[in-house]
Amino acid sequence: MEFMKNGKRIDDRLPNELRPIKFEVGALERADGSCYVEHGGNKVIAAVYGPRAVHPRHLQEANRAIIRYRYNMASFSVEERKRPGPDRRSVEISKVSREAIDPVIIKEFYPRSTIDIFVEILQADAGTRSAGINAASVALADAGVPMRGLISSCAVGKVDETVVLDLVKEEDNYGQADMPIAMDVRTGEVTLLQMDGHLTLDEFEQALELGKIGCASIAEMQREALIQKYRGEENE
Amino acid sequence: MRKQEKVDKTIVVPGDLLSDDAAKAAEGTYTENGKVYSLIYGLADEREKIRVIPLSGKYLPTIGDVVIGMVSDISFSNWKVDINSPYEALMHISEYPRRIESSEMAKIMRVGDLAIFKVVDVDQSMKIELAPREGQLRVLQSGRVVEISYTKVPRVIGRAGSMISLLKDKLDVNIFVGKNGRIWINGNAADEELAIKAIKRIEKEAHTSGLTDRITKFLEEEKHGVYEKR
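Note that the protein sequences, when read in sequence, are chains A and B. Numbering of the first sequence is given in the numbering used here, commencing with residue 526 and proceeding in unit increments. Numbering of the second sequence is given in the numbering used here, commencing with residue 147 and proceeding in unit increments.
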């Protein structure tokens, strides 16, 4: 499969170009905080509940809040029906996503409580864990959870010997490497970094730099979306 | 289209740089390497010290707060009270002004009863102790209680109580605002209804300026509507 033509990718993007991204803050009425994200072909919704009492009780911590993160793909989110429910892949993604978000949350403010994050993938097109983390981070802010910063995430990878930003499904499935990154853009702290495929050390460094630039653009969009929630209402 | 409302405070998100002067840090902020950053999503208030006023979030009690609580359970010597917070609060039997037996507790407050309490203690692990406000237990027998986000409570009260006086002035109701976002409205049924509408509107538009004027107008219009219907 040929991915690069005249310096452009299969969806006509440049190697360092993100897909179109849209954030909608407060998409759910009942949740304490929520965010709907469209990231290229991905459609993701995140809901945050809490801080609230922990059930089952034995999970609670005496001096801090616990964070629970559930990543789930809808059965209709992919071309061939996905068998519903947690599987090896979604359990792993839930874990790494929680660990990507956890470091910025000030858990000590809420002893004996839980902050529950639910991420539902309604439509998948590569990079769902990143889209989920971006949505979850905005939803947490919307819920009023104290955080040191917003976490932003995007994927980088390699197709046709070229390092590219924000892979689409074809590039992810048939490309040479896929590397999702999540970070706090302000501090530069990387909180998630996984890699599937092969990159040389040089390519890795190049990819990481590109990923950081991508995350920075996303961070700006997250911030803008949150500010817009209240600006928008004023201009009715 | 209504004329654009101006924002008197800036909207900030977690991690936004607020100041280079660590000494100015107040609630809703944190400091790192001598700089002040926002800890929450809210409105930055930069008079004297820099604090961030939350736009959302859960109520956490502080000692001295007066809240409206709902009895959720009665144990041997405590009433368990829901105070619209992640943590359950307790009022011990001995806090009741008169000495009573455990068996009499349900006569004073039953599960589901609403009352006005004062927060007398909050410890490290968020164990919350309540007492009746001003030594006398006030169980709410009539009227209605509405719940709004605790972050909007200052707006409902208004500067030096201006908003609350406005409501009381225009409507034939008594209003009590709990720090935890529960508001008790007691009075004429039609006016209770109107007060709830007004409070819901204040909650929705809490971040805008010129709110008192709009609420005045709203109440006048609605009042006329009510009379016309009659």
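All residues carry an ideal CB built from backbone N, CA and C; glycine is no exception. These numbers come from a predicted model, not from an experiment.
Below-8 Å beta-carbon distance, residue i vs any chain A residue
i             : result
residue 272/B : yes
residue 159/B : yes
residue 98/B  : Given that chain B is displayed from residue 147 to residue 376, the structure contains no residue 98/B and the question cannot be resolved.
residue 201/B : yes
residue 181/B : no
residue 204/B : yes
residue 356/B : no
Below-8 Å beta-carbon distance, residue i vs any chain B residue
i             : result
residue 646/A : no
residue 627/A : no
residue 638/A : yes
residue 660/A : no
residue 631/A : yes
residue 552/A : no
residue 575/A : yes
residue 635/A : yes
residue 711/A : yes
residue 623/A : no
residue 593/A : no
Residue i, buried or exposed, once every other Cβ within 10 Å from all chains shown has been counted against 16
i             : result
residue 646/A : buried
residue 744/A : buried
residue 533/A : exposed
residue 642/A : buried
residue 751/A : buried
residue 597/A : buried
residue 725/A : exposed
residue 350/B : exposed
Listed by chain order, chain A residues near residue i by CB distance under 9 Å
i             : result
residue 378/B : The requested residue 378/B is not part of the displayed model; chain B covers only 147 to 376.
residue 155/B : Under the 9 Å cutoff, chain A gives no residues; its nearest Cβ is about 10 Å from residue 155/B.
residue 370/B : Here the premise fails: no neighbours, minimum Cβ distance about 23 Å.
Contact set between residue i and chain B, taken where Cβ atoms lie within less than 8 Å
i             : result
residue 472/A : Lying before the first or after the last residue shown, residue 472/A is absent from chain A, which here runs from 526 to 761.
residue 536/A : Simply none; closest approach about 30 Å.
residue 558/A : 202
residue 668/A : 202, 203
residue 748/A : 159, 162
Contact belief for residue i with residue j at Cβ below 8 Å, rounded distance in angstroms
i             : j             : result
residue 594/A : residue 613/A : Residue 594/A to residue 613/A, Cβ: 16 Å. No contact.
residue 201/B : residue 755/A : 7 Å
residue 569/A : residue 562/A : 5 Å
residue 678/A : residue 705/A : 7 Å
residue 265/B : residue 209/B : 6 Å
residue 670/A : residue 550/A : Not quite, the Cβ-Cβ distance comes to about 14 Å (not below 8 Å), so this is no contact.
residue 528/A : residue 746/A : That pair is no contact at about 26 Å.
residue 312/B : residue 342/B : Their Cβ separation, rounded to whole angstroms, is 15 Å, which puts residue 312/B and residue 342/B out of contact at 8 Å.
residue 193/B : residue 174/B : Not a contact, Cβ separation roughly 14 Å.
Contact list for residue i against chain A, beta-carbon separation under 7 Å
i             : result
residue 176/B : 673
residue 353/B : 755
Distance cut-off 7 Å: residue i Cβ against heavy atoms of the ligand FMN
i             : result
residue 161/B : For the structure depicted, the ligand FMN is absent and the ligand set is empty, with no information on it obtainable.
Partner residues on chain B for residue i, Cβ-Cβ distance less than 7 Å
i             : result
residue 751/A : 159, 187
residue 587/A : 271
- Query: Counting Cβ pairs closer than 8 Å, one from the region 705 to 722 of chain A and one from the region 620 to 638 of chain A, do we hit at least three?
  - Reply: yes
- Message: Does the region 538 to 548 of chain A come into contact with the region 186 to 193 of chain B, if we say contact requires no fewer than three beta-carbon pairs (one atom in each stretch) closer than 8 Å?
- Response: no
- Given 8 Å, three or more beta-carbon pairs between the region 289 to 309 of chain B and the region 326 to 339 of chain B: yes
- Task: Indicate whether the contact test is met: 3 or more Cβ pairs, each with one atom in the region 574 to 589 of chain A and one in the region 649 to 656 of chain A, closer than 8 Å.
- Result: no
- Quick check: the region 273 to 285 of chain B against the region 234 to 248 of chain B, are there 3 or more CB pairs under 8 Å? yes
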